[in-house]
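A.B. asks: Just dropping this structure here.
There are 2 protein chains.
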Amino acid sequence: MAIHKKEEFSQKEQDLAEFAKAIAHPARIAILKVLAQRNECICGEIVDILPLAQSTVSQHLKELKNAGLIKGTIDGPRTCYCINWKAFEKFNTEFNLLFDTLKVKNEKACC
Amino acid sequence: MAIHKKEEFSQKEQDLAEFAKAIAHPARIAILKVLAQRNECICGEIVDILPLAQSTVSQHLKELKNAGLIKGTIDGPRTCYCINWKAFEKFNTEFNLLFDTLKVKNEKACC
DNA sequence: TCACTTAATCGTATATTTGCGATATAAGAT
DNA sequence: ATCTTATATCGCAAATATACGATTAAGTGA
C-alpha cells in the first residue's frame, strides 16, 4: 500500500467515511441499539448480550468512543456508556445531506 | 481471529454494516458523488478525477457493485456505471430507520 | 490482421481490523 | 491488607482492506 491516499479526499468525505466505518460492523450497530434501548448507561451487560469476549466488546466500545458516537464515564468499578446524542444527530444530518446530494439528479438512470 | 463472528448478529444488522462498509472509504463516496453529478454513466473519467491508479479505482467500483449500490454495463470497449437508485433508496430508508430506532428514547442522556 | 484503447484481474506488499486470552488497573467489599 | 469485580490494555494470530504495477481480455479502427 505504501502511502495512505485517504487524505487526498475532502474533509467531509473523510469524516463521513470515518463515521460509516464506525457503524460498519454488526457488533457496533448492536451495541448502539442496546445503549439506545436501555437509555441508561450500561457496561458489562453488553458483554452478556453480545456473542463476543469481554476484551473484544471493550475494543468495539473504544472505537465507537473514538468516533464520538458514545460517551463513557467511570462509575465506581464499572464504566457507564451512553450515546452521544449531539454527535449522533450531527452524523445523522450529514448522512441525510449526502443522500440528498446524491439524489439531486433524480433517478434518471442511464443503464 | 480464527472464526467470523459477524454471522451471529441479525440479518438487518449485517446488511446495514455491509452497506456502511461500502461507503466507509472517501474514494467510494467520491465515486458516488461523481456518478450522481454526471447522471450519465461514466467509466475511465473517474480515474482522471480521483487521485488513484486505474486498478485501484476498478477495485472500488467492484466493491460498490458488490454492495449493489451501482450498476455497470459494458458499452463497447468501456464500462458504463451509474447509481442503482432502487438499492440506494432502500439503504437510505434502512438507515433512517436505524437512526429513528436509536432515537426512540429521545436524548435522555444519563452521563 | 494488427495496433490501440479501455477496463478487469492477478500478484504482491503493506496496513488495518477483528478476535481472543492473559495481564494490568482500579474501585469496592471483607 | 486482601480478595473480588469490572474494564481496559497488551500481545498475538488471522482475516480483510488498500494500493499499485503488470498482465489479460475484449472491442474499435486502420
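Protein chains in written order, with the numbering used here: chain H, 227 to 337; chain C, 227 to 337. Note that CB positions come from ideal geometry on N, CA and C, so glycine has one too.
1. Using alpha carbons as the reference points, say which of C:268, C:257, C:310 and C:293 lies closest to residue 244 of chain C.
2. Under 8 Å between the Cβ atoms of residue 257 of chain C and residue 286 of chain C?
3. Determine, using beta carbons only, whether residue 285 of chain H comes closer than 8 Å to chain C.
4. With burial defined as no fewer than 16 other Cβ atoms inside 10 Å of the residue's Cβ, what is the status of residue 323 of chain C: buried or exposed?
5. Output the distance between the C-alpha atoms of residue 313 of chain C and residue 300 of chain H, rounded to the nearest integer angstrom.
6. Please classify residue 232 of chain H: does DSSP put it in a helix, a strand, or coil?
7. Just how far apart, CA to CA, sit residue 284 of chain H and residue 305 of chain C?
8. Throw me the rounded Cβ distance for the residue 254 of chain H and residue 290 of chain H pair, which I believe falls under 8 Å.
9. Out of H:311, H:282, H:235 and H:242, state which residue places its alpha-carbon closest to the alpha-carbon of residue 262 of chain H.
10. Measuring straight from C-alpha to C-alpha, what distance separates residue 318 of chain H and residue 325 of chain C?
11. Compile a chain-ordered list of the residues in the stretch 241 to 255 of chain C whose CB is closer than 7 Å to at least one CB of chain H.
12. How is the alpha helix (DSSP H) around residue 329 of chain C delimited, first residue to last?
13. Could you check which residue in C:239, C:270 and C:329 has the C-alpha nearest to that of residue 307 of chain C?
14. Against residue 293 of chain H, what residues of chain C qualify as contacts under a CB-to-CB distance less than 7 Å, listed in chain order?
15. Mind checking residue 251 of chain H: buried by the 16 CB within 10 Å criterion, or exposed?
16. Give the interface partners of residue 277 of chain H over in chain C, defined as CB-CB distance under 7 Å, in chain order.
17. Just confirm the distance between the C-beta atoms of residue 259 of chain C and residue 327 of chain H, as a whole number of angstroms; I'd bet it's less than 8 Å.
18. Taking the continuous alpha helix (DSSP H) assigned at residue 275 of chain C, which residues delimit it?
C.D. replies: Reading it off the structure:
1. Check the Cα spacing between residue 244 of chain C and each of C:268, C:257, C:310 and C:293: the tightest is with C:293.
2. yes
3. Residue-level contact check: residue 285 of chain H does not touch chain C, since none of the beta carbons of chain C fall below 8 Å from its beta carbon.
4. exposed
5. 42 Å
6. Looking at residue 232 of chain H - three-state DSSP - the assignment turns out to be helix.
7. 44 Å
8. 6 Å
9. Distances from the CA of residue 262 of chain H to each of H:311, H:282, H:235 and H:242 were compared; the closest alpha carbon is that of H:311.
10. Their Cα atoms are separated by approximately 7 Å.
11. 242, 243, 246, 247, 249, 250, 251, 252, 253 and 255
12. Residue 329 of chain C -> no alpha helix (DSSP H), and no H or E assigned at all.
13. If we check each option's Cα against that of residue 307 of chain C, C:270 comes out closest.
14. Taking the beta carbon of residue 293 of chain H as reference, no residue of chain C falls within 7 Å; the closest one sits roughly 11 Å away.
15. Label assigned to residue 251 of chain H: buried.
16. 231 and 234
17. 7 Å
18. 271 to 275
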